[in-house]
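Q:
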DNA sequence: GCACTTTGGCAACACCGTTGCCAAAGTGGA
DNA sequence: TCCACTTTGGCAACGGTGTTGCCAAAGTGC
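Structure representation (structure tokens):
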């Protein structure tokens, strides 16, 4: 009967101004909070009282919210906890099949698409070669074809399916390069000027008949990690054919006003250093990739570490996560090299704070595609834009 | 009768978890939104319908909220707009005398305190020499004395005055160096080890009997600028005896989990560059101050510009604001030097985006003290932590 | 003087989380 | 086996939010 999320996201107030909130927005907010905790709890489930404690809501409010979710088929009972002297707590879990989303990762030469259920589990995956030079129409057609093939696996789905509770939420598309996340328009695709200003979101949405969201690959990966359980604030550093970053501050992806945030590769860390393809001198990307090219992994990691330490100090983040093909090829060398720089910086500046931890981002080469799917699922759990 | 803000700030849910919202939180949120627009409108005022349009609330909701504010004495009628064929719109404005806050700026050798009214106008100011070496008790006593002298100017105020509608909201204290904003504890005061771990907030609050908030000088200045009308996201770069930054992202100050964000002076921009006092090499602060010391203002500005361009690219901010004694001494040279680097970077990376604008921050040497007062006033207008 | 437009308050309403209450479902001791 | 006790969680009533429908008030313009 009830809708857990009607898609309006509360009162509108379009534009830059902060918006007023009404009762509908209040309900969506609290419902999203509960859904987020249900998802985080996994198949074991959580009790109502635990949800109440962790949201700050009263137990009765949680009961009302979870009753709606159960009526909508989004949540279900999952056994009960051991008694502590009274009636045992009933555990609730999210129903994974209650919704799905598709994530598409347009890499330089490969298209990777995944079908993800409501809890974020990948339940379908496809890979296909990609040729951006074939033109926008051909690429859009190819992405649509792959998405439709995957979508056919969703029970009761198909084009035009409802937004929630059954079928497909939509398709998230992640790709490198500057673009406008809010409008879904590409600014520039390096090496393929015919893509400049292409309205990818509308083209794909018009063809598929489901919502489409477009974002930078690094932002998608960062969102996927944030939804996947990484807490607090962190930076996802992606080292592949280029170098970029996705920033998560306070649990939300920071994109900046023009989706330009995370421009990490062209951070200058060597005044008057070697020239970069961007025109500047001493960019991390140029220094790092040059070191990789000559086989100097320690040098590449050190350079990356210096830039990561700059970022960590500037934003006071909780951890640094590394990903991308180049990192995947030599994970140990990069993690240790970057961590060494962060340790040195922390010890020099004061004894109070421990060094920012560095890890390889979970998810591997599928992280971007999974994150792309979270562009649609995230808002359901309150992980939308900010 | 009614309280526009009861200080609880909605449901608690202390800790890192995102909190649930109840009706009280909803009301505070919308009330803060309306208050913020009233403050931004200035003495001319705004009409109810304009408030409704800009918040996304219905006119009737705005009427209810403004009726409460008028009953509380926070808002009042301010004439009416010209008719457009019907009943003319009644204009509403904030009552400046409805509340005050004190801001204290503990600089290296000077204590500057300001008394600010509800709309942010400075209505009192004091300056006194400061000697951090005199010990915590002496400094706390001195700050308390200055604050009490200023507070005496508030009609109907005094110690223990109510939090809203009459008297003093509290005292905001801004000072350099690492500290814990949430607990009001100093970590380290460069050159004065006896201050390590001093609970400044509690010491001062206990003595004055009003709420006290402590923050870094750069964060306070950035908050003051954000409340003072600077829109969107920006960085405030403070170049005085040291170099630091305050970051405003999406209208709110970004402090990071440990109030460490804005560590800008020790961004490394020259690998294996000259050693810095922090132990690292090639920090902007060392490079920039060395250039200033040898009279090379263009060089100092260029170095600052490189670091500013890194920051602007990483966070996709809307503008860069410069402040601090060194900038105040040579504003033209720094603004132009930094702007030149940002222009060059923008043109190299693409033709779409114009360069990030650079300006001298308004407020001058009083900006930090004014911002410190906003540490108390800001939350009333929804500009609290995030 | 009258028709019309526009503002903004009053009253009724739907619905949010909250509170008070109590049935259901367990434990543990007699 | 019974009973006192603890704990869970649903039902009902409640206060208070923004919303809707309605209309008096206050202007303009013919």
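Chains as they are written, first to last, in the numbering used here: chain A, 982 to 1367; chain B, 982 to 1367. Virtual Cβ for every residue (Gly too), placed ideally from N, Cα, C.
Ordered along the chain, which non-local residues of its own chain (more than five positions away) have a Cβ less than 7 Å from that of residue 1242 of chain A?
A: If we look at residue 1242 of chain A and ignore the five residues flanking it on each side, its Cβ neighbours are 1228, 1235 and 1236.
Q: For a quick check, are the C-beta atoms of residue 1357 of chain B and residue 1192 of chain B less than 8 Å apart?
A: Closer than 8 Å, so yes.
Q: For residue 1071 of chain A, which three-state DSSP category applies?
A: Note: residue 1071 of chain A maps to strand in three-state DSSP.
Q: Under the rule that 16 or more other beta-carbon atoms within 10 Å means buried, what is residue 1275 of chain B, buried or exposed?
A: Its Cβ having fewer than 16 others within 10 Å, residue 1275 of chain B is exposed.
Q: Need the endpoints of the alpha helix (DSSP H) that residue 1335 of chain B sits in, please.
A: From DSSP, residue 1335 of chain B is part of no alpha helix (DSSP H); its letter is neither H nor E.
Q: Throw me the rounded Cβ distance for the residue 924 of chain A and residue 1253 of chain A pair, which I believe falls under 8 Å.
A: Since the displayed chain A opens at 982 and closes at 1367, residue 924 of chain A lies outside it and no answer follows.
Q: Is the distance from the Cβ of residue 999 of chain B to the Cβ of residue 1232 of chain A below 8 Å?
A: Yes. Within cutoff.
Q: Among residues of its own chain, excluding the 5 on either side of residue 1108 of chain A, which ones have a beta-carbon nearer than 6 Å to its beta-carbon?
A: Excluding positions up to five away in sequence, the list reads 1093.
Q: Looking at C-alpha atoms only, which residue of A:1090, A:1134, A:1240 and A:1029 is the closest neighbour of residue 1060 of chain A?
A: The shortest Cα separation from residue 1060 of chain A among A:1090, A:1134, A:1240 and A:1029 belongs to A:1029.
Q: Would you check if there are 3 or more beta carbon pairs closer than 8 Å linking the region 1269 to 1289 of chain A to the region 1311 to 1320 of chain A?
A: Short answer: they touch.
Q: So the candidates are B:1056, B:1055 and B:1070; which of them puts its Cα closest to the Cα of residue 1062 of chain B?
A: If we check each option's Cα against that of residue 1062 of chain B, B:1070 comes out closest.
Q: Going by the beta-carbon positions, is the gap between residue 1359 of chain A and residue 1204 of chain A smaller than 8 Å?
A: Cβ atoms of residue 1359 of chain A and residue 1204 of chain A: closer than 8 Å.
Q: What is the DSSP secondary structure of residue 984 of chain A, reduced to helix, strand or coil?
A: Any reading at residue 984 of chain A needs caution, since the residue's pLDDT is 35, under 50, leaving its predicted position unreliable; the model's value is listed next. Coil.
Q: Any idea if residue 1175 of chain A is buried or exposed, counting beta-carbon neighbours within 10 angstroms, 16 or more meaning buried?
A: Exposed, since its Cβ has fewer than 16 Cβ neighbours within 10 Å.
Q: So the beta strand (DSSP E) residue 1083 of chain B belongs to, where does it begin and stop?
A: Per DSSP, residue 1083 of chain B belongs to the beta strand (DSSP E) from 1081 to 1087.
Q: Can you tell me whether residue 1170 of chain B is helix, strand or coil according to DSSP?
A: Residue 1170 of chain B: coil per DSSP, three-state reduction.
Q: Counting only Cβ pairs nearer than 8 Å, list the residues of chain A close to residue 1170 of chain B.
A: Those within 8 Å of residue 1170 of chain B in chain A number zero; the least Cβ separation is about 12 Å.
Q: Anything in chain A within Cβ reach of residue 1047 of chain B, meaning under 7 Å, just list it in chain order.
A: The premise fails here: residue 1047 of chain B is roughly 13 Å from chain A at the closest Cβ pair, so nothing lies under 7 Å.
Q: Would you please verify whether the beta carbon of residue 1306 of chain B is less than 8 Å from any beta carbon of chain A?
A: Not an interface residue.
Q: Rounded to whole angstroms, how far is the Cβ of residue 1294 of chain A from the Cβ of residue 1244 of chain B, which I believe are closer than 8 Å?
A: With 8 Å as the limit, residue 1294 of chain A and residue 1244 of chain B qualify as a contact, their Cβ atoms being about 4 Å apart.
Q: Quick one: list the residues of chain A neighbouring residue 1000 of chain B, beta-carbon separation under 7 Å, in chain order.
A: Those within 7 Å of residue 1000 of chain B in chain A are 1036 and 1037.
Q: Answer yes if the region 1080 to 1093 of chain A comes into contact with the region 1120 to 1134 of chain A, meaning at least three C-beta pairs across the two stretches below 8 Å, and no otherwise.
A: With the cut-off at 8 Å, the region 1120 to 1134 of chain A and the region 1080 to 1093 of chain A touch.
Q: Looking at C-alpha atoms only, which residue of B:1113, B:1077, B:1114 and B:1111 is the closest neighbour of residue 1096 of chain B?
A: If we check each option's Cα against that of residue 1096 of chain B, B:1077 comes out closest.
Q: Based on DSSP bridge pairs, tell me the residues matched to residue 1227 of chain B.
A: According to DSSP, which records beta bridges pairwise, residue 1227 of chain B is partnered with B:1217.
Q: In three-state DSSP terms, what is residue 1119 of chain A?
A: Looking at residue 1119 of chain A - three-state DSSP - the assignment turns out to be helix.
Q: Are the CB atoms of residue 1326 of chain B and residue 1288 of chain A within a distance shorter than 8 Å?
A: Not in contact: residue 1288 of chain A and residue 1326 of chain B (Cβ atoms no closer than 8 Å).
Q: For residue 1240 of chain B, count neighbouring Cβ atoms within 10 angstroms of its own Cβ and tell me buried if that reaches 16, exposed if not.
A: Its Cβ being crowded by 16 or more others within 10 Å, residue 1240 of chain B is buried.
Q: Do we get a CB-CB distance below 8 Å when we pair residue 992 of chain B with the residues of chain A?
A: The pLDDT assigned to residue 992 of chain B is 34, lower than 50, so where the model puts this residue is not dependable; a value taken from the coordinates is nonetheless given after this. Yes, because at least one Cβ of chain A sits closer than 8 Å to the Cβ of residue 992 of chain B.
Q: Is the beta carbon of residue 1322 of chain A closer than 8 Å to that of residue 1286 of chain A?
A: Contact flag set, yes.
Q: Could you name the residues of chain A that residue 1214 of chain B contacts, counting a contact when the two beta carbons are closer than 8 Å?
A: In chain order: 1237 and 1238.
Q: May I have the straight-line CA-CA distance separating residue 1052 of chain A from residue 1075 of chain A, to the nearest angstrom?
A: Each residue's alpha carbon lies about 12 Å from the other.
Q: Buried or exposed: residue 1048 of chain A, going by 16 or more other Cβ atoms within 10 Å of its Cβ?
A: It is exposed - the Cβ of residue 1048 of chain A has fewer than 16 other Cβ atoms within 10 Å.
Q: Using a Cβ-Cβ distance cut-off of 8 Å, determine whether residue 1196 of chain B contacts chain A.
A: Taking Cβ atoms only, chain A never reaches closer than 8 Å to residue 1196 of chain B, which makes this a no.
Q: Tell me whether residue 1129 of chain A, by its Cβ, gets closer than 7 Å to a heavy atom of the ligand GDP.
A: You won't find the ligand GDP in this model; it holds no ligand whatsoever.
Q: Is residue 1248 of chain A helix, strand or coil when you go by DSSP?
A: If DSSP states are grouped into helix, strand and coil, residue 1248 of chain A belongs with coil.
Q: Report buried or exposed for residue 1004 of chain B, applying the criterion of at least 16 other Cβ atoms within 10 angstroms of its Cβ.
A: The residue in question, residue 1004 of chain B, is exposed, as its Cβ has fewer than 16 Cβ neighbours within 10 Å.
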